[in-house]
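Going down the list, the protein sequences come from chains A and B. Under this note's numbering, think of the first position of the first sequence as 2, with each following residue one higher. Under this note's numbering, think of the first position of the second sequence as 306, with each following residue one higher. Glycine residues also receive a C-beta, built at the ideal position from the N, C-alpha and C atoms.
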Amino acid sequence: MPGFLKSAEQKLLLNKPGVWSTRTHLVLYYGLLFIIVLTAVCFLDPSDLRTGSITPVWIGFVSVICIIALVVWLIYLLRFNLFKRYGVIDRFYTVKSFILYFISAGVIVLFTYVQPAVESVRANMAYGDEEIVNDINAINTKVCELEYNSLKVPWQYDTVSLVQTDEAPAVSPAYEDAYESVDAVPGRPAPARHHIFLDSAAFHYRAVKADSLIKLSDTSYILYDVPAYAFIEAATADKRTKNKLLSSFELYNKIFKYPQPTDKAVIRKELGMLLHKYHYQEDLSSHALEIYESDGPFDIVSKKYHLVHVGTSVSNIIEKKYRWSKENLPPFIRVFYYVTLVITLLVLIFRHTTTRTFFLSLLTGVLLTILTALILSFLHTADSDLLLALVNYTILFFAASLTAFYIGKRNVITGILINLFVALAPFFPLLIFLWYVAWKKEQVYKQQMVNVYVNYPDLEKFIPYVEAGSALLFIILLVVYINKVYRRWYSLPQE
Amino acid sequence: MHRRIAEIQSYLQHNDLSLAVRRILDASLDTANISLLKESIAFSQAYRQYEKTAMPAAFFESANNLLDKINDVNERLTSHTAPLVAAHEISKTYRSGNFSLQPISLQINTGDVVGVVGENGNGKTTLLRCIAGQLALDTGELQFSQLQKPDHYDIKHHLAFIPQRIPKWYGSLKDNLHFSAAIYGIKNEENIVMVDFMLERLDLTPYAHLNWSQISSGYRTRFEIARILLQKPKLLILDEPLANLDINAQQSILTDLRFMAKSVHNPMGILLSSQQLHEVEKIADTVLLIKNGSCLFRTGEPEKTTQAFVVELETTASRETLLNVLNNQGELNYNGGFYTITAKERSAQDLLSMLVNGKIPITYFRDITHSTKRFI
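#1: Compile a chain-ordered list of the residues in the segment 433 to 451 of chain B whose CB is closer than 7 Å to at least one CB of chain A.
#2: Alpha carbon to alpha carbon, how far is residue 9/A from residue 547/B?
#3: CB-CB under 7 Å to residue 526/B, same chain, minus the five flanking residues each way: which ones, in chain order?
#4: Name, in chain order, the residues that DSSP records as bridge partners for residue 54/A.
#5: Please compile the residues from chain A whose C-beta is within a distance smaller than 8 Å of the C-beta of residue 400/B.
#6: Looking at chain A, is there any beta carbon in it that lies within less than 8 Å of the beta carbon of residue 404/B?
#7: Applying the 10 Å Cβ sphere with the 16-neighbour rule, what's the burial state of residue 428/A?
#8: Does the beta carbon of residue 97/A sit closer than 8 Å to a beta carbon anywhere in chain D?
#9: Helix or strand or just coil, what does DSSP make of residue 350/B?
#10: With distances taken from CA atoms, which of 440/A, 215/A, 222/A is nearest residue 199/A?
#11: So is residue 462/A buried or exposed if we call it buried at 16+ other beta carbons inside 10 Å?
#12: For the beta strand (DSSP E) containing residue 409/B, name the first residue and the last one.
#13: Starting from the Cα of residue 682/B, find the closest Cα among 583/B, 348/B, 602/B and give me that residue.
#14: Run down chain A in chain order and give the residues with a C-beta less than 7 Å from the C-beta of residue 488/B.
#15: Any chance you could list the alpha helix (DSSP H) runs of at least 4 consecutive residues sitting entirely within the segment 298 to 363 of chain A, in chain order?
#16: Return the first residue and the last residue of the alpha helix (DSSP H) that residue 97/A is part of.
#17: Could you list the residues in the segment 453 to 469 of chain B with a C-beta less than 8 Å from some C-beta on chain A, going in chain order?
#18: Identify the continuous beta strand (DSSP E) that holds residue 574/B and give its terminal residues.
#19: For residue 614/B and residue 668/B, I'd like the C-alpha separation in whole angstroms.
#20: Using beta carbons (cut-off 8 Å, strictly below), is residue 365/B in contact with chain A?
#21: Expressed to the nearest angstrom, what Euclidean distance is found between the alpha-carbon atoms of residue 683/B and residue 343/B?
#22: By the DSSP assignment, the alpha helix (DSSP H) with residue 251/A in it spans what residues?
#23: Helix, strand or coil, according to DSSP, for residue 62/A in the structure here?
#24: Distance cutoff 8 Å, beta carbons only. Does residue 516/B sit that close to anything in chain A?
#25: Report buried or exposed for residue 368/A, applying the criterion of at least 16 other Cβ atoms within 10 angstroms of its Cβ.
#26: Is it right to say residue 322/A is buried, meaning 16 or more other beta carbons lie within 10 angstroms of its own, or is it exposed?
#27: Leaving out the 5 sequence neighbours to the left and right, which residues in its chain are closer than 7 Å to residue 605/B when beta-carbon positions are compared?
#28: Let me confirm a value: residue 463/B is counted as buried when at least 16 other C-beta atoms fall within 10 Å, else exposed. Which label applies?
#29: Please check if any C-beta of chain A sits within less than 8 Å of the C-beta of residue 492/B.
#30: Quick one: residues in its chain with C-beta nearer than 7 Å to the C-beta of residue 281/A, no 5 flanking neighbours on either side, listed in chain order?
#31: So with CB distances below 7 Å, who are the chain A contacts of residue 528/B?
#32: Look at the Cβ atom of residue 14/A, then the Cβ atom of residue 21/A, and state whether they are nearer than 8 Å.
#33: Mind checking the segment 415 to 432 of chain B against chain A and listing, in chain order, the residues whose C-beta falls within less than 9 Å of any C-beta there?
#34: Contact criterion: CB-CB distance below 8 Å. Does residue 489/A meet it with respect to chain B?
#35: By alpha-carbon positions, which one of 82/A, 96/A, 481/A, 148/A ends up nearest to residue 301/A?
#36: In whole angstroms, what separates the C-alpha of residue 578/B from that of residue 601/B?
Below you can see the structure in the form of structure tokens.
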């Protein structure tokens, strides 16, 4: 242990025994040290950025280290307990302990985020945002220019008849089939893929996606789709760039609508350099192999330039680059928050209850979950009923935990009920909100079943606020209720 | 000069150095002066250095200097008694129904040492755990005079219970002592000094760096006492504290407890259970004898002891010889180890004279007229 940490350790032991006993200072120091080492190791990782991410393997490996770290922390943590020794505590003791446990558990959980973060940094350092968009556009353009003759094919089209909702399903099976690939061949008339029947909503959706539309009558349309000239696609690559990815339609306009004279030798050389930059041979997925085995003109071109490999590499790079983008971040934060929260709650409960009561609480929780799931499945209930059951359990456990203030003896059942309340309390507002969302969805669904078009309210956007509110409410509960109920229950005389 | 200082000087003069050092530590603690406490710790450490050799004159000089300084603040050296806990007719029956503690009343003041004696399985531990707030009472109540509207946490903070089987500690012993002091509000430098003091006071300094598995059960008991004393409890409850101690340690722990109870720094009440009747009786203000869950006798109840004088003795003489010497003036019983003589007319002193005059070879003699021993 370095000198400064030793001195901090001694100062905390003598002056802040509550903080010292959580060992957060040690977890922070050694945890951050490990994160630094892990970061360095991840930077030295020789794996190519164009290959599929090996993050799951890393997470599996680091999770084992996390479990070991957690066990070591718990061994040190469980040695000293101010609360169980009836030391001097104030009303903020429980909340302070909770926050310190959360920080400690959070540092340990954070280990699993190091490799994905480093991989993302490496991808961003190696490939610029604009660079990758420009390269994709350049590859698609140059391939089209080089293969002009074989790729200049007629557009495909669907004939669409508009029907009432009750005459046909909202989305007819034929519409689904329309996605089947029917390759056009140069020199032949454009193939008509299908005659499909759509209601107004499905038609609107389909029309927006079409590259061209001809109205035959009030209820009949021809919808044209430009051939897939964008061999390399990366939907999220241009979200933050000035230059945007060229769609197949734009490529058609640029290359095929008004063809320009080109120096194919120069283009071939430039394309070769670009393909070399992104091409990385690795095992392809079965889907990619399927495309390789077909013999349409687009597949032949794709095979000729190894575009499936290049596309996969580009996708891999983009997936690594934008892993932490605003839209991808919430799931990462949620996994971090909830995993840390669950560990913290288990530690908090263990530190405020007897060992026997703690394990009996775990057992009760498991049995109650199984029982509830069985009952709900036998009754064929909806999603909202499970959430409602959890809300009711929380209220029930809270009411039962109040009995700790009226009983004269410490009994296991009250302890279990307090523990279960503490375990559910951080989720209580969220459970209510999710129940409301599920219930609202069911209402909308029921109305749609009787042909009433109802706008589904976008309530999910409020979930982060509810989660923040849940955390805040739990903190308040720790101060005003949970610390008191544990203090009361734990110090009661036994039977 | 204060009486306590004079006593310590007398110990020094008569070379009762170990006792003198311990009393100097106690007296310096009672001054509540950190620098004096540090000096006395250093003095005690010096004593341990010289313990196996001849004491240099400098040792006595520093002892006298220290005593002079302590004497200057001697107004703090007097303790006062105050009510601590009163148990009124408390009783307890276990749910299994196999044992009942019959209603018992008890009053403990600061400075009191109350002993509970009795055979195994007769309710000593149950009584102690009831008073410690560990077991719910069936009847009766406990009143803690120094606490206003206490909850159970306050009560458990106020008192300390040392069970017979001390739960295992983890981590270094010294860390545990620092932690115990800190959670009871002893912070910073005071914490360091108090831990050093307690280590010195209970002769534990050489073992401070060890952990639980490296020390014997006797030292575990001492460490537990040190840990608890650092928490400055108002009431200290010890269940069979002598069980793991050797004879010398039993004696020294009991006398230390006696002094600690009357400490000015932290006067407290002590309630302890033990099988060692005589040792406990020597230091306790009151001793309760528990038999089959009832309080059969407590010292200071003359109506139960004035009916007859009782002595116990160990001798190589035969029963017939003893009966001849007693000449029908006492009833003689033998339990395989000791003879017990019960006499209505003759006092213990008279009985001893008769035995000596009768030329009975006595290897052990004890007057148990007022002892709990006579009821066992």
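If we stick to the structure as given:
#1: Listed in sequence order: 438, 439, 440, 441.
#2: Straight-line Cα distance between these residues: approximately 39 Å.
#3: Only 471, 546, 549, 550 meet the Cβ criterion.
#4: Assignment of beta-bridge partners to residue 54/A by DSSP yields no partner.
#5: Within 8 Å Cβ-Cβ: 496.
#6: No - not a single Cβ of chain A is within 8 Å of the one on residue 404/B.
#7: Residue environment analysis places residue 428/A among the buried positions, since at least 16 neighbouring C-beta atoms fall within 10 angstroms of its C-beta.
#8: Included in the structure are the protein chains A and B, with no chain D among them.
#9: Residue 350/B falls in the helix class under three-state DSSP.
#10: For the options 440/A, 215/A, 222/A, the alpha carbon positioned closest to that of residue 199/A is the one of 222/A.
#11: It counts as exposed.
#12: That run of the beta strand (DSSP E) goes 405 to 414.
#13: Here chain B has residues from 306 to 681 only, and residue 682/B is not among them.
#14: Within chain A, the residues near residue 488/B are 18, 83, 86, 88, 89.
#15: List check, alpha helix (DSSP H) in window: 298 to 305, 308 to 322, 330 to 352.
#16: Segment 94 to 127, the alpha helix (DSSP H) holding residue 97/A.
#17: Residues of the segment 453 to 469 of chain B with a C-beta less than 8 Å from any C-beta of chain A: 456, 457, 458, 460, 461, 462, listed in chain order.
#18: Residue 574/B -> beta strand (DSSP E) spans 574 to 579.
#19: Between the alpha carbons of residue 614/B and residue 668/B lies a distance of about 20 Å.
#20: Closer than 8 Å: no.
#21: The structure shown does not extend to residue 683/B, since chain B is modelled only from 306 to 681, so the question has no answer here.
#22: Note, residue 251/A: alpha helix (DSSP H), 249 to 252.
#23: Looking at residue 62/A - three-state DSSP - the assignment turns out to be helix.
#24: No, residue 516/B lies away from the interface with chain A (no Cβ there is under 8 Å from its Cβ).
#25: Residue 368/A comes out exposed.
#26: Classification of residue 322/A: buried, given that the 10 Å Cβ count is 16 or more.
#27: Closer than 7 Å at the Cβ level, and outside the excluded window around residue 605/B, lie 591.
#28: Burial is judged here by how many other beta carbons sit within 10 angstroms of a residue's own beta carbon; residue 463/B has at least 16 and is buried.
#29: True, the Cβ-Cβ gap to chain A drops below 8 Å.
#30: Residues 49, 51, 52, 310, 314 of the same chain have their beta carbon placed closer than 7 Å to that of residue 281/A, with the five preceding and five following residues left out of the count.
#31: What residue 528/B touches in chain A: nothing, since even the nearest Cβ is about 15 Å away.
#32: Contact: yes.
#33: Taking 9 Å as the Cβ-Cβ cut-off, the segment 415 to 432 of chain B has no residue approaching chain A.
#34: Closer than 8 Å: yes.
#35: Closest in C-alpha terms to residue 301/A, from the list 82/A, 96/A, 481/A, 148/A, comes 148/A.
#36: Looking at the backbone, the Cα of residue 578/B and that of residue 601/B are separated by about 15 Å.
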